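Chain order of the listed sequences is A and B. Okay, so the first sequence: first residue is 1 according to the numbering used here, each after it adds one. Okay, so the second sequence: first residue is 1 according to the numbering used here, each after it adds one. Note that beta-carbon positions come from the ideal geometry of N, C-alpha and C, so glycine has one too. Because the structure is a prediction, the values reported are computed rather than measured. I have placed the structure first, in the form of structure tokens, so that the comments after it can refer back to it.
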Amino acid sequence: MTTQTWNRFWGSTFVKAPLRNGVGRYVQQLQRITFKFCKTHGCSQGMREYIEKELIEFARVNPGVVVYLKPRRHRSPCLKAEYLNGGEEYISCHRMTNEDIVKWVEYLRTRSGYPVERLRKYQHTDHPSIQGAWTPWIHRDPLVNIAEYPIEELSAAFKTEKTATDEVLELFEKQKLSGI
Amino acid sequence: HFFGRKQNCYSIAIKYVHRALRYGVRARKIKKYENRKLWDTRLTAGCLELGTNYTNMKSVMDDVGIAIDRKTLQNMAIWEPRSFRALASLTKAKEEEKGLNCLGGPSSVGVVTRGML
Chain A
1 MTTQTWNRFW GSTFVKAPLR NGVGRYVQQL QRITFKFCKT HGCSQGMREY
51 IEKELIEFAR VNPGVVVYLK PRRHRSPCLK AEYLNGGEEY ISCHRMTNED
101 IVKWVEYLRT RSGYPVERLR KYQHTDHPSI QGAWTPWIHR DPLVNIAEYP
151 IEELSAAFKT EKTATDEVLE LFEKQKLSGI
Chain B
1 HFFGRKQNCY SIAIKYVHRA LRYGVRARKI KKYENRKLWD TRLTAGCLEL
51 GTNYTNMKSV MDDVGIAIDR KTLQNMAIWE PRSFRALASL TKAKEEEKGL
101 NCLGGPSSVG VVTRGML
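The following block contains the structure:
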């Protein structure tokens, strides 16, 4: 499975935060973590070590996260994280070491509940305009608002080049200035 | 986005999926070209509304040293129209000096000739 296949078939989104999370205060999006492990089998050895050494510290540091432990016989160890907006993440911890599980738990703690998808743009803004977006009247004279039609000036043809009349007038002005 | 058997039957779908992937690869180059054309169209429209034209604006911005790319410029024209109007009035002021749109050539303001030219 290449990244290209993944990106094409597993969707794409724009950047978003649940309820505009970081804009005001930041609320941790992780709601609960479930640690499922076997008490005897060797694949859960790292998970058991994590629970003995690191878990209590994690629970103390994150009082807003509910931690569940599920000891189940003959099952692979796994982490299941659930988020405030209803999203879920599942990670299998089969034969992972203590350090690996620490990192994965940290990864789950910092996720928002949205699924992993290709980002179409890396920026998003609710307010793209400061001066106000373009309207058809923004560059027009506001006198048009109180005008009484018909107006001769606005109905006149656009002048693209200097007309002969204009040139003659200009010559006349120049002559006056030079004092002839 | 496939319809009917194209989305449910593997051996039919795989052909259309391969075509979609080929189109995706080809489109990456085309997207850049199409976007640039779109920005150019928008900027010509914006300039004409304000009484200059796009070629003059490019020329003047080159001269003065404002290095704003087409993408940001067209965003400005849409979302920050007053800033774009400022740039347009800059071009209108400078194009006379540079001698664009006229037969006379560049004006000799600030050029000392001492009668030799």
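{"query": "Cα separation between I78 (chain B) and M116 (chain B)?", "result": "49 Å"}
{"query": "On the DSSP bridge list, what partners appear for R32 (chain A)?", "result": "A:V66 and A:E82"}
{"query": "I'd like to know if P128 (chain A) contacts chain B, where contact means its C-beta is closer than 8 Å to some C-beta of that chain.", "result": "yes"}
{"query": "Determine, for L50 (chain B), whether the minimum Cβ-Cβ distance to residues of chain A falls below 8 Å.", "result": "yes"}
{"query": "Give me the Cα-Cα distance between R48 (chain A) and R95 (chain A), rounded to the nearest whole angstrom.", "result": "11 Å"}
{"query": "Restricting to runs no shorter than 3 residues, where is the beta strand (DSSP E) found entirely within the segment 14–82 of chain B?", "result": "none"}
{"query": "Within 8 Å, do at least three Cβ pairs link the segment 32–39 of chain A to the segment 79–89 of chain A?", "result": "yes"}
{"query": "Which residues share a DSSP beta bridge with E88 (chain A)?", "result": "A:E82"}
{"query": "Cα separation between A27 (chain B) and V17 (chain B)?", "result": "15 Å"}
{"query": "What does F37 (chain A) pair with, by DSSP beta-bridge criteria?", "result": "A:P71"}
{"query": "Under 8 Å between beta-carbons, which chain B residues line up against Q131 (chain A)? List them in chain order, please.", "result": "W79, E80, P81, R82 and S83"}
{"query": "Alpha carbon to alpha carbon, how far is K174 (chain A) from D40 (chain B)? Give it in angstroms, no decimals.", "result": "41 Å"}
{"query": "So, helix, strand or coil for S107 (chain B), using DSSP?", "result": "coil"}
{"query": "In the DSSP output, which residue or residues are listed as bridge partners for L119 (chain A)?", "result": "A:T13"}
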